[in-house]
Every structure is written in C-alpha cells, then in structure tokens.
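To keep things clear, I will list the structure first and then write my remarks on it.
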Amino acid sequence: MAKIDKSFFRYVWRNSRREQITILAVVLASLPLYFWSLDLPKSIVNDAIQGRAFKNGSATIKAFKIVLTLPDFLGGQSYEIFRGLDLERVTYLFALSMVFFVLVLINGGFKWLINLQKGVMGERMLRRLRFDLVRQLTWFAPEEIRGMKPAEAASMINNEVEPIGVFIGDAFVQPAFLGTQALTALAYILVQSVWLGIAAGGIVAVQGVIIPILRREQIRLGKRRQIASRQLAGRIGEIVESSPAIRAHATDLYERSEIGSRLGSLFFIRLDLYNRKFAVKFLNNLLAQLTPFFFYTVGGYLALKGRLDVGQLVAVIAAYRDLPPPVKELIDWDQQRNDVTVKYEQIIEQFDVDQPEEGEDLAAPDAIEHCPKITVDALSVVDPHGTPLVENVTFSIERPGHVTLAGPPGSGGEIVARALAHQITRWRGSIRLNGQDISRLRSISLATVMAYAGPEPVLFPSTIRDNVVYSLRRTPPQLSGPPLAKEEAKRRHEAERSGNPLEAPGDDWLDFAAAGVKDAVELDHRILELFALLGFDDDIYRLGLLGKIRAGDD
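So in this note's numbering, spot 239 of the sequence shown is number 232, and the numbers just go up one at a time.
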C-alpha cells in the first residue's frame, strides 16, 4: 500500500482518473449545443424579427429542413432527412424562441450533471484522503506519535482537508469546462466580428495575467493564516489538557492574555488578506465592464455603417455575457489551486512517514505462547533530546515465572517493559523472543504473545466489554457469505471506490481462537469468570444497574 503522493494533482489523477475522463467527455459533448445556443439569437433577430428569411414577400418558409450532402469524393449526393415545416413569420419566431428555450434547458442540464458528478467525485476523494491520512497516522512509531498534538492532528484531518476535498472535484474538470466555454464564446465572437473578438480576447488576456500576479500576496497571507490558525488550535488544546494546573496556580489571566495575543496576530493577517482580496476584486470587475462599453460604442458604430448587422451585434453581446463569468471563475480556480496545493503539501508534510516493513511471522507461535524465552542484550534507549533513559541492560527471562524490575521512579523499569512490548521502537541492542529479533516481527505476530499494561491504560469511549475484547480485533472478518442487502452492497461499493476498507466495525472481528473460546457466548462467560477472579464482579453489577436498556438490545 503506497504512501500519499506529495503532488496534489498526481494524487487526484491517480485515484480518480476514470471519473475525470467520464466528466470531461460530458463537457466535450455539451459544446456543440452551447455554440448553437450562442448563434440562435442572431437567427431570431435577423430571420424572424427582421424577416430576412422571408424573401420576395413570401408569407411562409420551409423551416428546420435537414439535408445530408456527401463530400465530392463520395459522389456529392444530397439526401433529405427531414422535409421541414411550413411556418409563417410569427410562428417561425415562436418556434425559434422555443428551440432557444430548449437549448437553455439542455445546457442547464449539462451543467447540473457536470456539477453533480464533480461533487460526488470530490466527496469520494475527500473520504479517501482522510482515510489515507489516518492510515499514515497509524504508521508512525510510538515515539513520533507522542510528539504530535492531538488537537492539531484532528484539525488537519477533519477541518483543513475540507477545502481540499471541495477543490478535488474541480481540479481537472473545472478548467476544462470553463476554458472550453470561454473559448467557444470567444470563437463565436471572432466569427461574427474579428475586431470585437480581438478586443474581447485582449481584455480577457489582461485579466488572466494581471489578476493572478496581484493574488500572489493573497496566497502568502493565506499560508500565514493557516499556520496561525493551526497553532491556535494546538494552543487551545494545550489549555484544555492543562486546565487543572491553570486553576491550581490561578494563571488563567496569563493564558487569556496569550490567547488574545494570538487572536490579534490572526486578526491583522486576515485584515491584510481582506484588503488585498477586495482590491483585486474591484480591478477584476472594472476590467470586466470595459468590454461591454467597447461593444456598445464600436459595435453600434459598425452596425450603423452597415459593416455589422443588428442580429450579429445582439448575438455578440449575448455571447460576451457568457464570457466574463468563466474567465473570472478560472482566475478563482487558479487562486484556489495555489491555496489548496500549499495546504495539501503542508498537511502531507506533517503525515510524511514510510510504511513499516512487513516483518516476519513467529517461527514457532505455539512454543512461544506456552514457554517463551525473552533475551535482552545491551539494551539502550535515549529520549528525543539524546538523554539516556536506560543503558546496556542485559538479562534473560524464561517462562513460566514472574520477574520484577525493581528501582526508584525513573530508573528505567517502565522503559524496558515498553521496549519489550514494542511501545518503544528506537533502541540499540537486541531483544529476542525464542531467538527471534522482535524488531523484525510483524506487529500482529508480536501482539499475539506480548502486551504492555501500564499505570495509565487507554480506555475507549465504549462499553467495558468492547475495551476488554479490544485486543482480539486484529484479523479482518471474512467478507464471503450470503447475498448482501441493498444498503450493505451500496456501502461496500462506495467504500471500494473511495479506497476504504470493505469491512465494517459491526462485522465479526473477534478472534475467538486467540481467547481459547468457540463463540461470543463462551467469550462472555470467560470474561465474567475473569471479573469474578479479579474481584470486579460486584463493581460490574453496580455499573450495569446504572446503565440503560435500549430498544432492540438482547
């Protein structure tokens, strides 16, 4: 399983290539009808309203006639596909208007379909990205994960990737869709009038060059805002974790002052960002209004001189109405691209870790389970600052038996125990289990025979039973079985398309054989026996009386 690609666009293309190509095909299919919708207003004005189609005083015309003419090398013959309709002038006007209305609906349908597919694809990719980040989080060594602030990690995976997921659907489709629409409108204007087309293209080019240059400062400020916001989230998390100490020492005023200072710095960054943002927006709107001014003056002059008919002028103005929005959105897309790329690279940098090596299986699991021999030779552990925690520890443990590591607090007994259970991975020397180096063992193999129970156990927000049997949930359940229900089949289909596991938490994950039982009923009886042996049965009984029976519970 490969790590997350450091290039945003490579990551998106590699995981959504099929969906991207499908949507791009829909974009290309929409262009002919879009071009026709641009040309139809000219026919409405010239042919229907001004009556150019009704030559020599004719009261009717043959409308919508379709004839297929072969090229000369195929004989040049013509075939009439549709004879057309005999329509009067008013009827012809209404017919063209209805065709235009239908084209508007079809083009709107294309936009709806494209945007819907973009949104679905973006949500799938957001789901994939979040899962990949959590997956890489589980790859960190225990020493590395302890140095990461939980609030910052949660904020990055949950909040900071949200705009990235929104942009993923636009990464390839948006420039293709908006670019082809803008080029189609510009090409139509050029066909009607070269000078008007050059003027429109020139102003669009100026927008496309100047606006991105002015937005570079926005990108820099946006990066500073993101870093400051993340640091603020981490600092708030620290205050929550250290609230007993804050109350004990009455330092709440100092903490508030520090948070106020951070909020002030963030405010001024955002203020500079807003000033730059609205200045660029003003310039963009000003440039967008120059072209209509040019069209009305120069285009009107050409129409008065007879070098441009009224229908062409109306069609050009209508076509230009569709030109600035795609250009503006393309400029916005470019800014979002820069913002998202920076955010993506920053987040990936925080979760940049190589997948652990697969490791070896236990050579003789049965022998290790019943009579393991642990050999430690010259074990040395240092903290992240290089301070020795234990040095040159050598001993051997044979089972069955009990061994006590005695010493004052901080003497290293807990460090040695953590190293034995692979809770610490960065050490020198060797730790062998029946002759096998535990650093080369697979985590699942070591977990079946070795565990660490420290003074601060990890309790998950679930039932007591779930916490007790948590260590039995190592092997994924079998997915084969009877035909799936509709909802379950849909869930697995979406999980597969999003690169998520097909297994669900509610599936049968428990390894009953590892617990020495046959089924869940026998496992529950074994747990109750264990509680009674430890003297916890009365406590569990009291906790049960405080609980609530939910509808549907057995």
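Note that the Cβ used here is the ideal one computed from N, Cα and C, for glycine as well.
Where the alpha helix (DSSP H) through residue i begins and ends
{"i": "Ala311", "result": "Val303 to Arg314"}
{"i": "Ser71", "result": "Here Ser71 belongs to no alpha helix (DSSP H); instead the beta strand (DSSP E) covers Ser71 to Phe75."}
{"i": "Ala56", "result": "Run containing Ala56: none in the alpha helix (DSSP H); it sits in the beta strand (DSSP E), Thr53 to Ala56."}
{"i": "Gly293", "result": "Gly293 to Leu297"}
{"i": "Asp370", "result": "First-last for Asp370: Lys366 to Val375, but that is the beta strand (DSSP E), not the alpha helix (DSSP H)."}
{"i": "Val154", "result": "From DSSP, Val154 is part of no alpha helix (DSSP H); its letter is neither H nor E."}
{"i": "Ser423", "result": "Unbroken run through Ser423 is the beta strand (DSSP E), Trp420 to Leu426; no alpha helix (DSSP H)."}
{"i": "Asn331", "result": "Pro317 to Gln343"}
{"i": "Asn39", "result": "No alpha helix (DSSP H) contains Asn39, which DSSP labels as neither H nor E."}
{"i": "Thr177", "result": "Val166 to Gln185"}
{"i": "Ala497", "result": "No alpha helix (DSSP H) contains Ala497, which DSSP labels as neither H nor E."}
{"i": "Pro143", "result": "Pro143 to Ser148"}
{"i": "Asp459", "result": "Ile457 to Val461"}
{"i": "Ser236", "result": "Ser236 to His242"}
{"i": "Leu526", "result": "Ala513 to Leu527"}
Span separating the alpha-carbon of residue i from that of residue j
{"i": "Phe288", "j": "Val307", "result": "10 Å"}
{"i": "Val92", "j": "Gln343", "result": "55 Å"}
{"i": "Gly115", "j": "Pro156", "result": "10 Å"}
{"i": "Leu426", "j": "Pro377", "result": "27 Å"}
{"i": "Ile340", "j": "Thr131", "result": "15 Å"}
{"i": "Phe103", "j": "Leu109", "result": "10 Å"}
{"i": "Leu214", "j": "Gly227", "result": "20 Å"}
{"i": "Ala482", "j": "Ser36", "result": "52 Å"}
{"i": "Asp430", "j": "Ser423", "result": "7 Å"}
{"i": "Pro317", "j": "Leu279", "result": "11 Å"}
{"i": "Arg499", "j": "Leu31", "result": "In the sequence as displayed, the identity of residue 499 is Gly instead of Arg. Going from the Cα of Gly499 to the Cα of Leu31 covers about 55 Å."}
{"i": "Phe260", "j": "Val154", "result": "22 Å"}
{"i": "Tyr85", "j": "Glu480", "result": "52 Å"}
{"i": "Ile533", "j": "Leu526", "result": "13 Å"}
{"i": "Asp345", "j": "Met141", "result": "13 Å"}
{"i": "Thr468", "j": "Pro237", "result": "40 Å"}
{"i": "Gly428", "j": "Ser222", "result": "50 Å"}
{"i": "Lys216", "j": "Leu264", "result": "14 Å"}
{"i": "Gly101", "j": "Arg45", "result": "30 Å"}
{"i": "Thr441", "j": "Leu256", "result": "49 Å"}
{"i": "Asn152", "j": "Gly447", "result": "33 Å"}
{"i": "Gly379", "j": "Phe505", "result": "43 Å"}
{"i": "Gln224", "j": "Arg10", "result": "35 Å"}
{"i": "Gly304", "j": "Gln282", "result": "22 Å"}
{"i": "Asp(-2)", "j": "Val127", "result": "15 Å"}
Distance between beta carbons of residue j and residue i, contact taken as under 8 Å
{"i": "Leu26", "j": "Leu96", "result": "6 Å"}
{"i": "Val622", "j": "Arg330", "result": "The structure shown does not extend to residue 622, since the chain is modelled only from -6 through 547, so no value can be given for it."}
{"i": "Leu106", "j": "Val199", "result": "Not really, about 33 Å apart at Cβ, beyond 8 Å."}
{"i": "Tyr313", "j": "Ile182", "result": "6 Å"}
{"i": "Pro470", "j": "Asp512", "result": "Not a contact, Cβ separation roughly 14 Å."}
{"i": "Gly394", "j": "Phe124", "result": "Actually they are not in contact, since the Cβ atoms of Gly394 and Phe124 sit about 44 Å apart, beyond 8 Å."}
{"i": "Gly293", "j": "Val309", "result": "So it is not a contact: roughly 11 Å between Cβ atoms."}
{"i": "Asp315", "j": "Ala178", "result": "5 Å"}
{"i": "Asn8", "j": "Met118", "result": "6 Å"}
{"i": "Lys298", "j": "Gln211", "result": "With a Cβ gap of about 45 Å, Lys298 and Gln211 do not count as contacting."}
8 Å Cβ cutoff met for residue i and residue j
{"i": "Arg435", "j": "Ser373", "result": "no"}
{"i": "Thr284", "j": "Ile191", "result": "no"}
{"i": "Leu516", "j": "Ala508", "result": "yes"}
{"i": "Arg300", "j": "Ile262", "result": "no"}
{"i": "Ile232", "j": "Asn277", "result": "no"}
{"i": "Asp245", "j": "Ile239", "result": "yes"}
{"i": "Val5", "j": "Ala164", "result": "yes"}
{"i": "Phe160", "j": "Val335", "result": "no"}
{"i": "Leu503", "j": "Leu472", "result": "no"}
{"i": "Gln185", "j": "Pro319", "result": "no"}
{"i": "Val375", "j": "Val386", "result": "no"}
{"i": "Lys158", "j": "Leu122", "result": "The residue asked about is misnamed: residue 158 is Gly in this sequence, not Lys. Cβ atoms of Gly158 and Leu122: closer than 8 Å."}
{"i": "Lys111", "j": "Ile14", "result": "no"}
{"i": "Gly405", "j": "Leu439", "result": "no"}
{"i": "Ser625", "j": "Thr62", "result": "Absent from the structure is residue 625, since the part of the chain shown begins at -6 and ends at 547."}
{"i": "Asn39", "j": "Asp327", "result": "no"}
{"i": "Lys(-4)", "j": "Gln129", "result": "yes"}
{"i": "Arg99", "j": "Gly201", "result": "The identity of residue 99 in the sequence shown is Ile, whereas the question assumes Arg. No, the pair does not count as a contact, with Cβ atoms beyond the cut-off."}
{"i": "Leu477", "j": "Ala488", "result": "no"}
{"i": "Ala146", "j": "Ile229", "result": "no"}
{"i": "Ile417", "j": "Ile390", "result": "no"}
Bounding residues of the beta strand (DSSP E) (the contiguous stretch that carries residue i)
{"i": "Pro381", "result": "Pro381 to Glu391"}
{"i": "Glu81", "result": "Leu78 to Glu81"}
{"i": "Ile59", "result": "Ile59 to Thr62"}
Cβ-heavy atom distance, residue i to the ligand COA, below 7 Å
{"i": "Val154", "result": "Summarising the ligand content, the structure contains no ligands, and the ligand COA is consequently not present."}
>> Across the segment 405 to 419 and the segment 123 to 139, are there enough close Cβ pairs to call them in contact, namely three or more that are closer than 8 Å?
In response: yes
> Can at least three beta-carbon pairs, one atom from the segment 390 to 399 and one from the segment 456 to 463, be found at a separation below 8 Å?
Replying inline: no
> Counting Cβ pairs closer than 8 Å, one from the segment 51 to 59 and one from the segment 75 to 86, do we hit at least three?
Replying inline: yes
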